[in-house]
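Written out below as structure tokens is the structure these notes cover.
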Amino acid sequence: MSIEVFINGQYYPKAEAKVSVYDHGLLYGDGVFEGMRSYSGKVFRHDEHIDRLYDSARSILLEIPMEKEALKQAVNDTLKKNNLVDAYIRLLVTRGAGELGLDPAKTEDPRIIIITDHIKLYPQELYDNGLKIITAATIRNHPAALSPRIKSLNYLNNIMAKIEGIQAGCAEALMLNHKGEVAECTGDNIFIVRGGALYTPPIDAGILEGITRNAVIELAEKAGIQVHQIPFTRYDIYVAEECFLTGSAAEVIPVIEVDTRSIGDGKVGPITKQLYKAFHELVRS
Ligand code: PMP
0 MSIEVFINGQ YYPKAEAKVS VYDHGLLYGD GVFEGMRSYS GKVFRHDEHI
50 DRLYDSARSI LLEIPMEKEA LKQAVNDTLK KNNLVDAYIR LLVTRGAGEL
100 GLDPAKTEDP RIIIITDHIK LYPQELYDNG LKIITAATIR NHPAALSPRI
150 KSLNYLNNIM AKIEGIQAGC AEALMLNHKG EVAECTGDNI FIVRGGALYT
200 PPIDAGILEG ITRNAVIELA EKAGIQVHQI PFTRYDIYVA EECFLTGSAA
250 EVIPVIEVDT RSIGDGKVGP ITKQLYKAFH ELVRS
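And the structure:
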């Protein structure tokens, strides 16, 4: 059966799920989105994702023409319609179609799009043995220019860094902020372990406040692991005992090499393994 895509209250088969070429989401990247996961039919941290979507929208003066509860229901309905239980969900709100020109007032109704599909994870081998990453020369958007907290349809900043990673043979790339501090990867947040404690950049380092990041912080604290949200540099990664990334699609994935330096002993570390396991138990509970 073909995947049915939700667009403004109606379902369309994947091949017929289309928006106008005049949609400002396409013309200018004017819109916002979320990437979510469902486990056994339940969307993980659904409310947090919906809240982040509405916050992103509010910050760009985009009014989502649907109440939060109704949108949540639409996501659940779309999953059901597609008989999906363990799925990846892409929820988008575009500014809508209109005349050419940046002014959002030129557009009519925003498009609310819900795509549910099977999940494509990194290969299991990378979860077992860890990722190798490099630092991209492309820095993360300056928060005073475009806040990285907005999950907008314009991902060129991250795509530029992703291309650098791929060209270096790496599936992810580290991005620094305008101060040269560690920010995040192109689609994942980053953690390191030093002296048995966990370190991750604070939100004001210019990162997306990842929902998986927040879940992992909670899990670590529950397990008695200290978590510090403080700025750090690549030096701190190079001398760390462990490193891992978090994201809705990737979940928790170990990193064993950064910029050709082995992290710790170059093997997946015990705290990474512990949090990987705890996260899997949490999402499947
Ligand atoms: N940073 C960026 C830039 C992202 O796009 C994402 C989501 N793909 C993340 C971090 C991870 O956020 P979450 O855990 O909410 O998926």
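Just so you know, this note's numbering puts 113 at position 114 of the sequence shown, and the rest follows in order with no gaps.
All residues carry an ideal CB built from backbone N, CA and C; glycine is no exception.
Predicted model, so just to flag it, every value in this text is computed and none were measured.
Which partner residues does residue 116 have in the DSSP bridge list?
87
Among 238, 279 and 271, the one whose alpha carbon lies nearest that of residue 262
238
contact_flag[the region 100 to 115, the region 72 to 80] where n(CB pairs < 8 Å) is 3 or more
Yes: at least three Cβ pairs fall under 8 Å.
In three-state DSSP terms, what is residue 2?
coil
By how many angstroms is the C-alpha of residue 82 removed from the C-alpha of residue 180?
44 Å
Going by DSSP, what residue range makes up the alpha helix (DSSP H) through residue 214?
210 to 221
Whole angstroms is fine: what's the gap from residue 105's alpha carbon to residue 97's?
5 Å
Rounded Cβ spacing between residue 216 and residue 208 (contact assumed at less than 8 Å):
The pair is not a contact, with the Cβ atoms about 11 Å apart (cut-off 8 Å).
Specify, as a first and last residue, the run of the beta strand (DSSP E) that residue 69 falls within.
Note, residue 69: premise wrong, no beta strand (DSSP E); alpha helix (DSSP H) at 67 to 80.
Hey, which residues come within less than 6 Å of the ligand PMP, measuring from Cβ to any heavy atom, in chain order?
34, 157, 183, 186, 187, 188, 207, 209, 210, 211, 212, 245, 246 and 247
Whole-angstrom distance between residue 72 and residue 92, CA atom to CA atom:
16 Å
Among residues of its own chain, excluding the 5 on either side of residue 84, which ones have a beta-carbon nearer than 7 Å to its beta-carbon?
37, 39 and 40
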